[in-house]
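Presented below is the structure to which this report refers.
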Amino acid sequence: MTCSLFHPGLLLILSGLIIPFLQGTRRTLFVLLIPCVALISIWNMSFGTACSIQYLDYELTLINLDALSRIFITVFAITVFTGSLFCCKQAKSKELAAAFVYAGGAMSVVLAGDLLSLFIFWELMALASTLIIWSVQTEYSWRAGMRYIVIHLLGGVILMCGISAYVNETGSILFTAMQPNSIGTWLILCGFLLNAGAPPLTAWLADAYPEASFSGTVFLSAFTTKTAVYVLLRGFPGTELLVYIGLFMIFYGIIYALLENDMRRILAYSIINQVGFMVVGIGIGTEMALNGAAAHAFTHIIYKALLLMSAGSVLYMTGKRKCTDLGGLIQSMPVTAVCGIIGALAISSFPLTSGFVSKSMVTQASVDEHLLWVWLLLQAASAGVFLHAGIKFPWFVFFQKDSGLRPDEPPINMQMAMIFFAAVCILIGIFPDFLYGMLPYEVNYVPYTAAHTLTQLQLLLFSGLAFFVLLPLMKRTLTISLDFDWFYRKLAKMISIFILTSLCNFQSKLSKKVSALKPGYYIDGILNIRFSLAMGMGLIMIVFIISLSYFLF
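Taken in order, the sequence shown gives residues 134 to 686; the numbers are from my numbering.
Right, here's the structure in full:
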């Protein structure tokens, strides 16, 4: 084993185990200090392999640092710090503990230089994020968490099968760029895409994230999908299929966000939409496109956390999450409203915000590669983003009608976290070289040209006009949007009913057969107590699992 520096991901994981034993000011200082230590440590490391372990015939690389991994670790650490500041006074210790383990798993995935280490921390993320969802302790969060973990365990099985096949084919566990030209690489790609929220299993994100607490959703939005973006950047750059998948995700997210009434589900669907832009960039595969995908992941984590903090503050102070129950909150929550509006402008790529200097790199890459049809769709999608997240969310929550609600501003720590991220969104938008300097490839791109700025302003202007012209159609009602999860929920219930019915029929027939036996003739299960117990416990477990799936799905 060689390890020159301590591992920032493991630092957060171990810190998560300590948090439940801390209270009050000690806990607050601890959760704010640890991400700062992780951030400082990653910037004091030199590029290359810093930590490896020999396991059987393979070398596990726990730290393999380069520019791509460092930019993701940087934004992860910043988000853990700000998310902890946002909830340090209000969150339960077990939620904060799970959040730190979750973030540590994400950092460890990004630093992993081999597929086995990546898989271990990948699954740790799935378990820890499920605990975040469950920490609310409501029936809805329990059911959503169960569906979430089932989907992610399925993804883990697919990924593990892919890794096994890949190692069998190549004899190597190193995580390097690969092409989907074998069963192993195809399965690995599918496992990565499931965590990115790609079709067909897309609905898990909007199903589970809004059921977490007001603060848990902030952490959830930052890590699972962005680690998926990272591994796609690392493993499958230039895979053309990703362009089509990314475009589907973009428009899927827009359509469902426009249909939604729940403010946090609106923002959850917009995560899928924004990750779609990153996936398109990875599929294009040029240095400009890959830089754009990495830059957009960085800015998206920050402005999406800001939006969810704003929505979480509203939920925390009012107890309401549906647009039909909200409105006019800018009167009593001006700080929350202004921060939410800044996040909405950033996600809409408004000039002088972070989204403008990152998303435009992906659209410019499509122009450079003469992909006119991709450019047109990305431009149309940018208008759609402004409709659902740029205008719809702040309009229905903070403006529109007067709901009669007069909540106070959230506690000062929550306001400080929102103000900090709002400032970051603006500073990156004004000084993009700070972000560009961290990207994996040299940047020769100037976002603030007259043509680009005017084009974007015109796009946003006409999109905004369309919103207010169509406002009567935009008003939300108490409806439910059916998503792809409807299919596997119904299918799971049908299968459960069929199996339970079959078991009942089998038990009835078996009872009749046993009762018809002559005295002295018994089945082996009655004579052999160990076999009898095993058979009984097996039947109980089968019925329990099937019944559980029936009630959860």
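Think of the CB as a built atom: it goes at the ideal place given N, C-alpha and C, for glycine as much as any other residue.
Quick check: the Cα distance between W337 and F233, rounded to an integer number of angstroms?
22 Å
Burial state of P565, where buried means 16 or more other Cβ atoms lie within 10 Å:
buried
Where the alpha helix (DSSP H) containing G425 begins and where it ends:
E420 to T451
Give me the DSSP bridge partner(s) of T182.
N197
Does Q464 have its Cβ less than 9 Å from a Cβ in chain B?
Here chain B cannot be found, since the structure has a single protein chain.
Assess contact between the stretch 424–433 and the stretch 385–401, defined as three or more Cβ pairs (one per stretch) separated by less than 8 Å. Is contact present?
no
Anticipated Cβ contact below 8 Å, L195 with L244, distance rounded:
7 Å
Beta-carbon separation (whole angstroms), S268 vs S346, contact threshold 8 Å:
6 Å
Can you check whether the CB of I435 is closer than 9 Å to the CB of I406?
Checking the displayed sequence, the identity of residue 406 turns out to be Asn instead of Ile. No, these two residues do not count as a Cβ contact at 9 Å.
How many whole angstroms separate the CB atoms of F554 and T215, which I take to be in contact at a CB cut-off of 8 Å?
6 Å
Quick check on Y377: buried or exposed, where buried means 16 or more other Cβ atoms within 10 Å of its Cβ?
exposed
Examine the ligand PLP and report whether any of its heavy atoms sits within less than 8 Å of the Cβ of L504.
As for the ligand PLP, it is missing from this structure, which has no ligand bound.
Along the chain, where does the alpha helix (DSSP H) containing R159 start, and where does it finish?
G157 to W176
Going by the DSSP bridge assignment, what does Y188 pair with across the sheet?
Y191
Examine the Cβ distances between the stretch 471–486 and the stretch 526–539 and report whether three or more of them are shorter than 8 Å.
yes
How is D566 classed by DSSP in three states: helix, strand or coil?
helix
What residue from F254, A231 and L292 has the CA that sits closest to L353's CA?
A231
Determine the extent of the alpha helix (DSSP H) in which K359 is found, giving its start and end residues.
G349 to G368
Report the residue from M396, L374 and F325 whose alpha carbon sits nearest the alpha carbon of V362.
F325
Whether G409 touches S348 by CB criterion (9 Å):
no
Inspect the beta-carbon positions of C221 and L165 and report whether they are closer than 9 Å.
yes
Just confirm the distance between the C-beta atoms of A438 and E344, as a whole number of angstroms; I'd bet it's less than 8 Å.
With a Cβ gap of about 18 Å, A438 and E344 do not count as contacting.
Separation of F595 from L604, as counted between CA atoms:
14 Å
Apart from the five residues just before and just after G149, which ones in its own chain have a Cβ nearer than 6 Å to its Cβ?
A230, F233 and V234
Between the stretch 453–463 and the stretch 481–490, do three or more beta carbon pairs fall short of 8 Å?
no
Quick one: measure Cβ to Cβ for I321 and Y299, integer angstroms, because I've assumed they're closer than 8 Å.
6 Å
Hey, how far is the Cα of M494 from the Cα of Y578?
8 Å
Using CA atoms only, rank isn't needed, just tell me which of L292, E502, F532 and I417 is closest to T457.
F532
Whole angstroms is fine: what's the gap from L520's alpha carbon to L440's?
15 Å
Classification of P333 by the beta-carbon crowding that lies within 10 angstroms, buried from 16 upward:
exposed
Reduced DSSP category for K225 - H, G, I as helix; E, B as strand; rest coil:
coil
Which same chain residues end up closer than 6 Å to A224 when comparing Cβ atoms and leaving out the 5 residues on each side of it in sequence?
S348
Sequence-distant residues of the same chain with beta carbon closer than 6 Å to M571, five excluded per side:
I204
Can the beta-carbon of W255 be found less than 9 Å from the beta-carbon of L292?
yes
Anyone know if the C-beta pair for G330 and G371 falls short of 9 Å?
no
With a threshold of 6 Å on Cβ separation, who are the neighbours of L201 within its own chain once the five nearest residues in sequence on each side are excluded?
P573
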